[in-house]
Amino acid sequence: MKKQMVAMLLAGGQGTRLKELTYTVAKPAIPFGGKYRIIDFPLSNCTNSEIHTVGVLTQYQPHLLHQYIGLGTPWDLDRRDGGVTMLPPYAEADGIKWYDGTANAIFQNMKFLEAHQPEYVLILSGDHIYKMNYMLMLDFHIKQQAAATISVIEVPWEEASRFGLMETDDQMQVTRFVEKPKDPKSNLASMGVYIFNYQKLKEYLARDAENEDSSHDFGKDIIPAMLEGNEKMAAYPYKGYWKDVGTVDSLWDANMDLLDLDSGLVLHDSAWRIFSSNPQLPPQVVTETCEIEESFINEGCIIEGKVRKSVISQDVHIKEGAEIDECVIMAGSVVGKGAKIRRAIITPDLDIPANFKLQKNDGAITLLTKETIENWEGSEDDAFSSSN
Amino acid sequence: MRLAAVIDATVTIPGLKELAMYRSSASIPFAGRYRLIDFALSNIVNSNINSVGVFASQQSVSLMDHIGKGKSWDLDRRRNGLYFLPTSQREGDQLSVGSFAALEDHLNFFNKSTQPHIVVTCAFSISQLDYNDMLEKHLASGADITEAVRDGECMKSYILSKELLMQMIKGFRENRVVSVEDVVNLKKKPYTFAQYEYEGYFVLINSMESYFNESMALLNEITWRQLFLPERPTYTKVKDEPPTKYMKGSNVKRSLVANGSLLEGEIRDSILSRAVEIGKNSKIEKCIIMQKCVIEENCDLLYVIADKDVRIKAGSVVHGTKEKPVVIRKGSIVSEGEEL
């Protein structure tokens, strides 16, 4: 059946800068906000934007993602027609072909797109926390009569050189795309969200596939090639919260943004809900001994200790006398009696022993893992509290 | 599969009328994020029973909305699964469990089911009863009907053969009995009876007093752990609420808190359902605040049960007592100085 727009969600990345968090799961499956996984955001954006056909391209550690997304029921993507389709690499008569670059991943799934015959293709990545109505972007794309539209967000000038930047004219037409320039002439960063006219996309992907020098990447190859081909390229100015959570620090930052009333990241919003696969857990219990300040806490938790400015996932137990400050605690972890932890991301199902201390004062964010616990020497002068 | 289950949701709970004005007794909220029927349904699926008939009274919209096709309990199946069976019974007509008049309305449920034994239970008995174990003991006893008891108290859950149940339904007028519970209480001849001894969490919600006290008992972490067993989860309708946000200035102690709430006030010894808002400087003590209630700033609530969608305007003071909590009806708006 012919579709107006089909979304292709690139979820194959490892995200090595997130270290141990991605040893066993792909980056889009990383927990966020006490209840969600990163991929819930683009998937929910699709549902809320009434895009009902979504291909999810997986490659690195796909098991959890496939299991998590399942038939797409939590996002209302279990549709008779369309819905969510998981697209891992596959084998053909001449062997298995791993996805080699973002553009190549889409190119290898042209059969999927052909079956739907969309007018437009929306390319998304599973690395960002944001709420966005893709239909407004499509309206813009159509109005601009562009071959491709790239969603951009204004970033602070001092940070601009970390991003892929779009230079535009006053009609928001892209004149130049530069990847991480030393001397930025624009502060409009690409959000990794693209809309292509399907026929143009097909044409450029086929041409790119022939090019042996290409890295088969949307940002590095396809967008520059289209600019070179004098295609009409528009930049869609997105206003709102958007964060790339590709590092431990930025993942922590984005979680903390949930506690900041001015950050623009609001999840208590019934008009634009973020859907998620809900585990069935009882309400949280907070006891007589607890002290909770400015925190985000999910179901199934037992809070007996002190919690300040933290985001706590389901099924976490914080025992009496424990002190948690500016932490992100992932599901199923137990914080032992008297443990004191500051500025850390605590990985899932961790058993933190009583009186464990991690209270750095240098502002750095620690990724607290099983290894950290095993290496902990248990005394006052251990490696982690030495900077006190 | 040897068991099918019947939940008699036509039973009225005396004393809970205030909370059942706009809903079936079976869908009265309990323990923050649940409805009473969730516990019966969860016990059934945790006992691997996958054929369930929910016999509902006429006032069944909220119940139907809550359980839908049984997706949350994994009961939306091609074969067997959940059967929502509205009956001609009105709320208030029926006080005992396994009403033959209600079951008679849907004899087809029994005709079609392939399971030889039937669990008959209700929505206001809350436990972690394992019906498979109960069936084993029932079969070993050789009795016609087994009732579950804890410390001698009847749990209002029964097992009997489908054949016998259908016989009883066909002859109940002649035999001058009204329900399975009635038959068991009268020790009606010629049937033989056995008891299944259950240990573990069990409460009967059969009055406003038991509703309030058993709700509050869950604030005790030990009781909470007895009811919420990780290996036997209690399932409910999924709502996709975000985690609860404790705002600056909030002070929450000894409470049960569901998801989606925004808490700014001082909260003690209370149960908060999903998506509740408690404003700045408001004091909530020994209260049950249901889904989507908004308590504005500077309120003072003690021994209050606020039903769903209640709004308490800024500065309101509402005090009940332990013996007689103030019940605020669904959707009401309470303003400062209003007498309740």
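In order, the protein sequences belong to chains L and R.
Taking UniProt numbering as reference, the numbering of the first sequence is continuous, increasing by one, and the terminal residue is 388.
Taking UniProt numbering as reference, the numbering of the second sequence is continuous, increasing by one, and the terminal residue is 340.
Ideal Cβ placement from N, Cα and C applies to all residues, glycine included.
Interface partners of residue i on chain R, CB under 8 Å
i	result
ARG273(L)	ASP240
SER276(L)	ASP240
Sheet register partners of residue i (DSSP bridge)
i	result
MET216(R)	DSSP, once it has assigned bridges, lists no residue as partnering MET216(R).
SER44(L)	According to DSSP, SER44(L) bridges with nothing at all.
GLU158(L)	None; GLU158(L) has no bridge partner.
MET5(L)	TYR120(L)
SER190(L)	VAL152(L)
PRO325(R)	In DSSP, PRO325(R) forms no bridge with anything.
ILE195(L)	LEU122(L), THR149(L)
ALA206(L)	The partner list for ALA206(L) (beta bridge, DSSP) is empty, contrary to what the question assumes.
ALA148(R)	TYR196(R)
LEU165(L)	VAL178(L), ALA189(L)
VAL294(R)	GLU277(R), ARG311(R)
LEU57(L)	LEU10(L), LEU87(L)
GLN284(L)	VAL257(R)
PRO31(L)	ARG37(L)
HIS319(R)	LEU302(R)
TYR99(L)	None, per the DSSP bridge assignment.
Proximal chain L residues relative to residue i, where beta-carbon distance stays under 7 Å
i	result
TYR235(R)	GLN280
ASN259(R)	ASN298, GLU299
LEU262(R)	HIS268
PHE228(R)	PRO282
Start and end residues, alpha helix (DSSP H) containing residue i
i	result
GLU228(L)	223–228
TYR68(L)	62–69
LYS156(R)	It is not in any alpha helix (DSSP H) - LYS156(R) instead sits in the beta strand (DSSP E) that spans 153–161.
MET110(L)	110–116
HIS141(L)	134–144
ASP8(R)	ASP8(R) -> not in any alpha helix (DSSP H); beta strand (DSSP E) instead, spanning 3–9.
7 Å Cβ cut-off: residues of chain R touching residue i
i	result
HIS317(L)	Those within 7 Å of HIS317(L) in chain R number zero; the least Cβ separation is about 10 Å.
LEU267(L)	PRO242
VAL285(L)	GLU221, TRP224, LEU256
LYS35(L)	PRO242, PRO243
ILE329(L)	Those do not exist, as ILE329(L) stays about 11 Å from chain R at its closest Cβ, beyond 7 Å.
ILE302(L)	GLU221
Listed by chain order, chain L residues near residue i by CB distance under 8 Å
i	result
MET247(R)	GLU294
ALA31(R)	PRO282, PRO283
VAL252(R)	VAL286, CYS290, ILE292
Residue interval of the beta strand (DSSP E) (run including residue i)
i	result
THR372(L)	Unbroken run through THR372(L) is the alpha helix (DSSP H), 370–375; no beta strand (DSSP E).
THR175(L)	174–179
GLU181(R)	Per DSSP, GLU181(R) belongs to no beta strand (DSSP E); it is in the alpha helix (DSSP H), 180–186.
ASP300(R)	300–302
PHE107(L)	Careful: PHE107(L) lies outside any beta strand (DSSP E), inside the alpha helix (DSSP H) at 102–107.
LYS306(L)	306–308
ILE292(L)	291–293
TYR90(L)	Segment: none, TYR90(L) is in no beta strand (DSSP E) and carries neither H nor E.
LEU267(L)	LEU267(L) -> no beta strand (DSSP E), and no H or E assigned at all.
LYS189(R)	Run containing LYS189(R): none; DSSP gives neither H nor E here.
GLU231(L)	Per DSSP, GLU231(L) belongs to no beta strand (DSSP E) and is neither H nor E.
SER266(R)	It is Glu, not Ser, that sits at residue 266(R) in the sequence shown. First-last of the beta strand (DSSP E) with GLU266(R): 266–268.
GLN171(L)	Run containing GLN171(L): none; DSSP gives neither H nor E here.
LYS283(R)	283–285
TYR23(L)	No beta strand (DSSP E) holds TYR23(L); DSSP gives it neither H nor E.
Give a yes or no on contact between the segment 58–65 of chain R and the segment 134–153 of chain R, applying the rule of three or more CB pairs nearer than 8 Å. no
Please confirm if the segment 364–381 of chain L is in contact with the segment 106–116 of chain R, defined as three or more CB-CB distances below 8 Å between the two stretches. no
Runs of beta strand (DSSP E) wholly within the segment 201–261 of chain R (minimum 3 residues, chain order): 202–204, 244–246, 251–253, 255–257
Can you give, in chain order, each stretch of the beta strand (DSSP E) that sits fully within the UniProt domain "Nucleotidyl transferase" (19–146) of chain R and has at least 3 residues? 51–56, 81–86, 117–122, 125–127
Closer than 8 Å is the cut-off here; do at least three beta carbon pairs connect the segment 178–195 of chain R with the segment 217–237 of chain R? no
Could you tell me which uninterrupted alpha helix (DSSP H) segments, each at least 4 residues in length, are contained entirely in the segment 236–263 of chain L, listed from first to last along the chain? 248–257
Could you check whether the segment 101–109 of chain L touches the segment 212–221 of chain L, counting it as contact only if at least three pairs of C-beta atoms, one from each stretch, sit closer than 8 Å? yes
Would you check if the segment 86–100 of chain R and the segment 66–75 of chain R touch, i.e. whether three or more CB-CB distances between them fall below 8 Å? no
Which whole runs of the alpha helix (DSSP H) in the segment 323–375 of chain L are 4 residues long or more, in chain order? 370–375
Pairs of beta-carbons, one from the segment 70–80 of chain L and one from the segment 261–278 of chain R, closer than 8 Å: are there three or more? no
Contact the segment 198–215 of chain R vs the segment 246–253 of chain L: 3+ CB pairs below 8 Å: no
The segment 162–169 of chain L contacting the segment 127–145 of chain L, beta-carbon criterion three pairs below 8 Å: no
Does the contact criterion of 3 or more C-beta pairs under 8 Å hold for the segment 298–311 of chain L versus the segment 279–290 of chain L? yes
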